[in-house]
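Working notes, structure below.
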Amino acid sequence: MTISPFSMKKDGKRSPRLLPQVLLRVLPVAVLVLCAAWYMTHRSVYSSVQTELVEKLDREAEFGAATIAARLNTLLASMRAVADNDLVINSLVDSVSRDAYIPTFMQSLTLPGPTGAKVTFTDYRGRLIASNFEDISQSDYFLSAGAVDGFYMRLDDTGATFAVPVLYGGRQEGAIVVRYNQLHVQQLLTVSAGTDVSAVLQGERVLQSSNWTIALPTEHSDGSGVEDRVLRDAYVPGYTSLRFIVAEPIAKAFATVDRIERMMLIAIAVALLALVLGIVLTAYLTTKPLFAFSEDIKAIGAAGDLGHRIGSSGFAEFDRLSGTFNAMLERMQTVLVSHDRLDQENQARKKAERELRRSERRYRDVIEGSTRGIFICSGDAILFANQGLAAMFGFGSPEDLQDGARVHDLFEPDVCDTLQELLGSEQDTTSSREIHVASDDGSGTWYEITFRAIAWQGREAVQCSVTDISARKEVEQLKNEFVSIVSHELRTPLTSVTGSLGLIQSGALGDLPDKVEPLIKIAHSNTQRLVALVNDILDVEKIEAGHMDFHLEPVDATEIGTRALAENVFYGAKFGVTFELQPEVTEAYISADADRLLQVLANLLSNAAKFSPEGGRVVLKLTEHDGAVRFSVIDEGSGIPAAKLDTIFEKFKQADSSDSRAKAGTGLGLAICQSIAEHHGSKVQVSSEEGKGSVFYFDLEQVAAPARDGATSDPRAAPAVAV
Amino acid sequence: MVSPSRRLTPIRAFAFLLALAAFGGPANASEPARVAAADPVAETTDGPIFVGLNAALTGGAGQSGEAIRRGLLIAIGEINSSGGVLGRRLELVPRDTRAIPDRGIDNIYELAEIRDLVAVFGGISTPVALASLPAIHETKTLYLGPWAAGTPVVDNGYETNFVFRVSVRDQHAGPFLIKAALDRGFKRPGLLLWRTGWGRSNEAAMMAAMKDAGIEPAGVEWFNTSERDLSDQIERLHLNGADVIMLVASPSDGLNAVEAMAARPKDHRRPIISHWGITGGDFFAMGREAIEDVDLTFLQTYSFFEPPFPEKSEKFYEQYCAQFGPCDSRADIASPVGTAHAYDLVHLLKAAIERAGAIDRAAVRDAMEKLQRHEGLVRIYNPPFTPVRHDALDASDFRLCRFGENGEIMPLSLAGAE
Chain A
1 MTISPFSMKK
11 DGKRSPRLLP
21 QVLLRVLPVA
31 VLVLCAAWYM
41 THRSVYSSVQ
51 TELVEKLDRE
61 AEFGAATIAA
71 RLNTLLASMR
81 AVADNDLVIN
91 SLVDSVSRDA
101 YIPTFMQSLT
111 LPGPTGAKVT
121 FTDYRGRLIA
131 SNFEDISQSD
141 YFLSAGAVDG
151 FYMRLDDTGA
161 TFAVPVLYGG
171 RQEGAIVVRY
181 NQLHVQQLLT
191 VSAGTDVSAV
201 LQGERVLQSS
211 NWTIALPTEH
221 SDGSGVEDRV
231 LRDAYVPGYT
241 SLRFIVAEPI
251 AKAFATVDRI
261 ERMMLIAIAV
271 ALLALVLGIV
281 LTAYLTTKPL
291 FAFSEDIKAI
301 GAAGDLGHRI
311 GSSGFAEFDR
321 LSGTFNAMLE
331 RMQTVLVSHD
341 RLDQENQARK
351 KAERELRRSE
361 RRYRDVIEGS
371 TRGIFICSGD
381 AILFANQGLA
391 AMFGFGSPED
401 LQDGARVHDL
411 FEPDVCDTLQ
421 ELLGSEQDTT
431 SSREIHVASD
441 DGSGTWYEIT
451 FRAIAWQGRE
461 AVQCSVTDIS
471 ARKEVEQLKN
481 EFVSIVSHEL
491 RTPLTSVTGS
501 LGLIQSGALG
511 DLPDKVEPLI
521 KIAHSNTQRL
531 VALVNDILDV
541 EKIEAGHMDF
551 HLEPVDATEI
561 GTRALAENVF
571 YGAKFGVTFE
581 LQPEVTEAYI
591 SADADRLLQV
601 LANLLSNAAK
611 FSPEGGRVVL
621 KLTEHDGAVR
631 FSVIDEGSGI
641 PAAKLDTIFE
651 KFKQADSSDS
661 RAKAGTGLGL
671 AICQSIAEHH
681 GSKVQVSSEE
691 GKGSVFYFDL
701 EQVAAPARDG
711 ATSDPRAAPA
721 VAV
Chain B
1001 MVSPSRRLTP
1011 IRAFAFLLAL
1021 AAFGGPANAS
1031 EPARVAAADP
1041 VAETTDGPIF
1051 VGLNAALTGG
1061 AGQSGEAIRR
1071 GLLIAIGEIN
1081 SSGGVLGRRL
1091 ELVPRDTRAI
1101 PDRGIDNIYE
1111 LAEIRDLVAV
1121 FGGISTPVAL
1131 ASLPAIHETK
1141 TLYLGPWAAG
1151 TPVVDNGYET
1161 NFVFRVSVRD
1171 QHAGPFLIKA
1181 ALDRGFKRPG
1191 LLLWRTGWGR
1201 SNEAAMMAAM
1211 KDAGIEPAGV
1221 EWFNTSERDL
1231 SDQIERLHLN
1241 GADVIMLVAS
1251 PSDGLNAVEA
1261 MAARPKDHRR
1271 PIISHWGITG
1281 GDFFAMGREA
1291 IEDVDLTFLQ
1301 TYSFFEPPFP
1311 EKSEKFYEQY
1321 CAQFGPCDSR
1331 ADIASPVGTA
1341 HAYDLVHLLK
1351 AAIERAGAID
1361 RAAVRDAMEK
1371 LQRHEGLVRI
1381 YNPPFTPVRH
1391 DALDASDFRL
1401 CRFGENGEIM
1411 PLSLAGAE
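Sequence lines, in order, name chains A and B.
At position 667 of the first sequence (counting the first as 1) the number is 667 in our numbering, and the numbers step up by one without a gap.
The number in our numbering is simply the position in the second sequence, starting from 1, with 1000 added.
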């Protein structure tokens, strides 16, 4: 795109630019209007000034002319008076009286106007009869002409000659002739007009002028300026060969006008300038946002950024445009975003689908590849099964299995029951059991089924994983056998050793040498420890194998607590810790295996004592908590670091695993407690603060007091759990 | 700006030029410009004999000049129809003096230039005649006066007097008029005189007559030509006890006097006895009303109402009417004295020319003085003139007249004394 000041050319198309176009349209009209306005003002001002000037000049001219006329009239009237004088007339007829009177008469004659006029009385042929000047021989013969009612006037270079007829019998028989010289003429014709120049003209000849240096046009002027002056004239009334001209310099007269016009021109120029500037400004203000707009659009287009909004230009009109455009952008953006989102969603969906497919593949691979049998069932239907499961049950493919089998076909009723129970359970509720599936050749395979309640395709289902645990079972079997064997094997000798050593230590066999006593003591306690360890291991195994029996029956909590303290008081004394029972429940019965419960309490109490400072106090507190009895063992020991709180219930874990091992222990105690608690339907929990102490607590559901016969019909009693 | 009406229109220009032309070219030195006379100069001796008429043919006294012309023409017609003079006919060359002496003088010179011009007849104006005397005698023009009455016109002191007159001579008129006043019982005339030679001429005559009569004038008042208001003069005369006003005036000035008199309260008016100057114009028509209010009598010589020779008068009257008619009555002969005098003068001139046998003016002049008895219209001239008397009429030819009802000049004897 090529840009010139006047047009833009793009794609071969030339389009005009705003500013020159507006200027092209507005300026001529504006100039025309301003010119017209100026012209009309000029004309009206000029013409009004001119009219005034002309009127003034006319007045002056007429005044001057009238003044001269008056002078001439007065002169001629006097001359007529002389001519009408009967003595004068008589002297035409009578030479005697003429000679007697006329010379004196003429001498004494005074005419109005300039003094020194030469007055001559002539006969009918203009010949001298008498005159008022001395040297008659110097006289000229004067023309006497004019009609009976008229007069004669001649103005020339030598002066002026006036003559009036002397009438007798109605006819001119003589004349009174008055002769003025140049100076007289000047006096006669000088009228002070209030103008720059005034003059008296006869035809083309200037007879008198107030300023002889100014050459006055002798042609009749109609008032238009000649050279640098405006002239007006008036004919002297009654003596129309004479013209009184007045002139005023144009510059002086029109000075005001010129000044006004100059100012007007300046004003017009300023107005035009302002107009142009206004147009330029308007164009600029209009095109700038437009350019910015187009740049914005370009930017949006280039960047594809629909989120970009056109800024406000500050003008309502443009803001409207940009607002509309922004709205459009917004809609576009929304659409685009929607598209993007759709795209993204599409892509995401595609990706997700891919992922899903991949995942599905993975999972399918996993699932299908898993040797485990995985299936999902709901009710009796098998909604999904993997190849493993199919193989387990001798189906060729999962589809065969799904089509052909039902849950009850595959599993024992108790499995089905479990499945049924889990169906309505909360999500992710898990359960597991081991089953033995007999195979055709009589041997069977141990499987572990883990169940998980899930939602499968909108319905409640149970996801099951069947694992062949034959090997594990074998191993377990082996291990259990080993442990059992070893434990038994160990325990027996240990028991014997312990017994022996105890016997020795008790002094029953006699006093021991001082050097030997501590050794024996140490050996004894260690062997006791070993025994405890073995017992614990065996306990653990028993519990884990499910061989430990729990006989739950209503037990008085307080009584248990009291027995727990009593049985462990010596342990506490060993560490210098006093046990205290705080029973805050009365007549509370719990369903528990008393012995096992005591075992738990013993463990907890011993731990508490172990980790309490010397002289400390351990409290066994019995509280009611939500319909259950809470057994809390509170110590003021060193506490358990928060990080370890989760792991202390694991096997072989102790709070303090440092090498110092100040507190001896197998690390199995809490694990055993937890297992026992679990078998009671409870869980041991701990809250501890490092340096302050710990609280180990567990809840047991209250039950009704046993009937006198010891039987209980409380449905809340936990069922015996046995394999 | 200039209104067109102020411009020099062609008409005005023409009028200007006309006026300019009427008064000749630029002035030059002392000699008066002479206008070449457009006169029919006779180259052969068989040409006419010219006689000039130098009188007021126009103006206030133009009637007098016309009357003279008519008389001349009747006589010339008679002479020409009876063979002329010396076998040549007479031809009249009129010139207008307008009663202005300067014009009269210029005319004399002009007329005198004419070859075969033998005589010039004068007009009513004594001032013109008096002023013409030098020119007359310089050019040796025979001057025949039919009207101008100033005594010095004829008694001009020229040794070879070229002036002859058939007319009133003031020297006689004065006493006649005074006697007329005395006859009517007036004892203290007031003189109201035209300040001209004629006025002065009559002043002398009247004063002499009054002196002879032993009366004193109430005063002598003068007026100028064209002096409009003569009431002051009359008042002064009145205050001085004038019981009659003796008027010597031209027709227009006479009218001023009569009007001034008529304007006075009736018992302040006085009769006017006037010289004949007032009859030189249509005086009665000019001032009828004033005239009717004033007792006006005036001097005349010949009257067609009372002709001395009725047959001649009749014949003349017929000729007059034939040539200048139609006439209803004798009154149609205006300014009759001029007509009659001029008529007689022509015949006298003819006689003189025949007597001289030539038209040499000097010879004819001399012949005039030697004329024998001539029977004229006015009277029998016997002789008309003598070397020492160039006036043909005397007081016996005078009569007093009055204006009739229609302005006819009636002799008192016919009109009845008032």
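Glycine included, C-beta positions come from ideal geometry on N, C-alpha and C.
Taking only three categories from DSSP, how would you classify residue i?
i	result
B:P1217	coil
A:T256	helix
A:Y264	The identity of residue 264 of chain A in the sequence shown is Met, whereas the question assumes Tyr. Note: A:M264 maps to helix in three-state DSSP.
B:F1176	helix
A:E399	helix
A:P289	helix
B:W953	The question about residue 953 of chain B has no answer here: the residues shown for chain B are numbered 1001 through 1418.
A:L509	coil
A:P583	strand
A:A145	In this predicted model, A:A145 has a pLDDT of only 47, less than 50, meaning its place in the structure is not dependable; the value taken from the coordinates is given anyway. In this structure, A:A145 counts as coil in the three-state DSSP scheme.
A:K351	helix
A:V729	Any answer about residue 729 of chain A is impossible in this case: the structure gives chain A only from 1 up to 723.
Grab me the residues of residue i's own chain with a C-beta within less than 7 Å of its C-beta, minus the 5 sequence neighbours each way, in chain order.
i	result
B:N1080	R1089, L1090
A:S431	T418, L422, F451
B:I1076	L1090, L1092, V1346
A:D380	R406, V407, H408
Looking only at C-alpha atoms, which of the options sits nearest to residue i?
i	options	result
B:T1126	B:E1138, B:A1112, B:T1141, B:A1149	B:A1149
A:A594	A:T578, A:A557, A:A608	A:A557
B:V1220	B:R1330, B:D1212, B:M1246, B:G1197	B:M1246
A:S500	A:V475, A:N526, A:I485, A:D514	A:N526
B:A1213	B:A1356, B:L1182, B:F1309	B:L1182
B:P1251	B:G1062, B:K1179, B:D1116, B:L1133	B:G1062
A:D403	A:D440, A:Q420, A:E426, A:C377	A:C377
A:A438	A:D428, A:E412, A:Q463, A:T429	A:E412
B:A1257	B:A1285, B:F1223, B:E1159, B:E1375	B:F1223
A:Q387	A:A65, A:P103, A:S465, A:R179	A:S465
A:A609	A:E587, A:A573, A:H339	A:A573
I'd like to confirm the pairing. Which residues does DSSP put opposite residue i in its beta bridges?
i	result
A:W446	A:H436
B:M1246	B:L1191, B:I1273
A:W456	A:R459
A:E153	Glu is not the amino acid found at residue 153 of chain A; the sequence shown has Met there. According to DSSP, which records beta bridges pairwise, A:M153 is partnered with A:F162.
A:Q172	A:L167
Apart from the five residues just before and just after residue i, which ones in its own chain have a Cβ nearer than 6 Å to its Cβ?
i	result
B:F1324	R1070
B:S1329	none
A:S312	D319
In chain order, what residues of the same chain lie with their CB nearer than 8 Å to the CB of residue i, ignoring the 5 residues before and after it?
i	result
A:S78	L111, P112
A:G691	S638, G639
B:A1119	V1051, G1052, T1141, L1142, Y1143, L1144, L1349, R1361, V1364
A:G223	Because the pLDDT of A:G223 is 48, which lies under 50, any placement of that residue in the model is unreliable, and the question is left without a value.
Practice prompt. Tell me, please, whether the segment 451-461 of chain A touches the segment 473-481 of chain A by the rule of three or more beta-carbon pairs shorter than 8 Å.
Written response: No, because fewer than three Cβ pairs between the segment 451-461 of chain A and the segment 473-481 of chain A fall closer than 8 Å, the two stretches do not touch.
Discussion item. Count Cβ pairs between the segment 48-65 of chain A and the segment 1186-1193 of chain B that sit closer than 8 Å; are there 3 or more?
Written reply: For the pair of segments examined, the segment 48-65 of chain A was found not to touch the segment 1186-1193 of chain B: the number of CB pairs separated by less than 8 Å stays below three.
Discussion item. When you compare the segment 56-73 of chain A with the segment 1200-1215 of chain B, are there three or more beta-carbon pairs, one atom per stretch, that lie closer than 8 Å?
Written reply: no
Worksheet item: Is the segment 1385-1397 of chain B touching the segment 1366-1373 of chain B, taking contact as three or more C-beta pairs under 8 Å?
Response: yes
Discussion item. Under 8 Å, with one C-beta from each stretch per pair, do the segment 1338-1349 of chain B and the segment 1159-1172 of chain B reach the 3-pair mark?
Written reply: yes
Discussion item. Does the contact criterion of 3 or more C-beta pairs under 8 Å hold for the segment 1315-1322 of chain B versus the segment 1046-1055 of chain B?
Written reply: no
Worksheet item: With a cut-off of 8 Å, do at least 3 Cβ pairs link the segment 276-289 of chain A to the segment 34-47 of chain A?
Response: no
Item to complete: For the segment 531-538 of chain A and the segment 488-502 of chain A, state whether three or more C-beta atom pairs, one from each stretch, are separated by less than 8 Å.
Response: yes
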